[in-house]
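When you line the sequence shown up against mature numbering (1 follows the signal peptide of the UniProt record, and there is no 0), it's residues -21 to -1, 1 to 144, in that order.
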Amino acid sequence: MQFIKTISIMTLFLFSAIAQAEIIHIDTAKTQSLIDEGIPIIDIRTKSEWKQTGIVEGSHLLTLFDERGRFDIEKWMSDLDKIAGKDKPFMLICAVGGRTAMLSQYLDSKAGYTQVHNVHRGIVQWIGENKPVVAYDEHAAADMSGQSGNSENMSVSTTTEGSTK
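Now the structure itself:
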């Protein structure tokens, strides 16, 4: 039943937003440029995904779906508001850009966020182009965030090219 609910909500996100939303899809070069400008990047993947591939250094870790595919959009939006304002630019990244594309459409057309950038092809493309990632450290992330729940800010100084150590 939960799976059906999740699929229904994802479908609602997609179809309710498509007609109105203009998402700013960005490649890895533009992503790096915006990072260099200090624009926040929000990684919406699950903890297991962060552990598997690593993360873009400085990413705000804000899981949209848990390991079972469930989510709490009100909690997520509350956490997002602590990172980015509705009129401020920010980037969303996931594995290949699918989840963030749907979420970007929703944020733009239904929630009033005007400068949402979707990292097209996600962390897979980032790593595929040998861009640096850092290892996800759950304890460091929890210490840095100062909170529990699904929102973490991970800034680790050790980087590697396209893989984690």
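Cβ coordinates follow ideal geometry from the N, Cα and C atoms, glycine included.
Throw me the rounded Cβ distance for the residue 46 and residue 79 pair, which I believe falls under 8 Å. Residue 46 to residue 79, Cβ: 18 Å. No contact.
Which whole-angstrom value describes the C-beta separation of residue 95 and residue 83, a residue pair presumed to lie in contact below a C-beta threshold of 8 Å? About 5 Å; that satisfies the 8 Å criterion.
Contiguous alpha helix (DSSP H) assignments of at least 4 residues, all confined to the segment 84 to 122: 101 to 107, all fully within the segment 84 to 122.
Report the rounded CA-to-CA distance for residue 21 versus residue 69, giving the unit in angstroms. Residue 21 and residue 69: Cα-Cα distance of roughly 7 Å.
In angstroms, rounded to a whole number, what distance separates the CA positions of residue -2 and residue 37? In this predicted model, residue -2 has a pLDDT of only 46, less than 50, meaning its place in the structure is not dependable enough to derive any value.
Residue 13 to residue 89 span [Cα, whole Å]: Going from the Cα of residue 13 to the Cα of residue 89 covers about 24 Å.
Is residue -1 helix, strand or coil by DSSP? Note on residue -1: pLDDT 47, under 50, position unreliable in the model; the coordinate value appears next. Reduced to three states, the DSSP call for residue -1 is coil.
Identify which residue in 71, 107, 34 and 8 has its Cα closest to the Cα of residue 92. When each option's Cα is compared against that of residue 92, the closest is 71.
Can you tell which of 106, 39, 98 and 65 has its C-alpha closest to the C-alpha of residue 9? Its Cα nearest to that of residue 9, the residue 98 stands out among 106, 39, 98 and 65.
By Cβ distance below 7 Å, which residues in the same chain neighbour residue 122 in space, the five residues on each side in sequence not counted? Note that residue 122 has pLDDT 46, beneath the 50 cutoff, so the model's placement of it is unreliable and the number below is only indicative. The beta carbon of residue 122 sits closer than 7 Å to none of the beta carbons in its chain outside the five residues before and after it.
Just curious, the alpha helix (DSSP H) that residue 13 is in, first and last residue? For residue 13, the enclosing alpha helix (DSSP H) has its first and last residue at 7 to 15.
Along the chain, which unbroken stretches of the beta strand (DSSP E) at least 3 residues long are found entirely within the segment 29 to 86? For secondary structure counted as the beta strand (DSSP E) over 3 or more consecutive residues, the segment 29 to 86 holds these complete runs in sequence order: 39 to 41 and 69 to 72.
Alpha-carbon spacing of residue 155 relative to residue 100, whole angstroms: Outside the displayed span of the chain (-21 to 144) sits residue 155, for which this structure offers no information.
Proximal residues to residue 66 (C-beta, below 6 Å), its chain only, five neighbours per side dropped: The answer, listed in chain order, is 93.
Can you give the Cα-Cα distance for residue 73 and residue 48, rounded to whole angstroms? Between residue 73 and residue 48, the C-alpha separation is close to 14 Å.
Identify the continuous beta strand (DSSP E) that holds residue 161 and give its terminal residues. The displayed coordinates of the chain run from -21 to 144. Any statement about residue 161 would go beyond what the structure contains.
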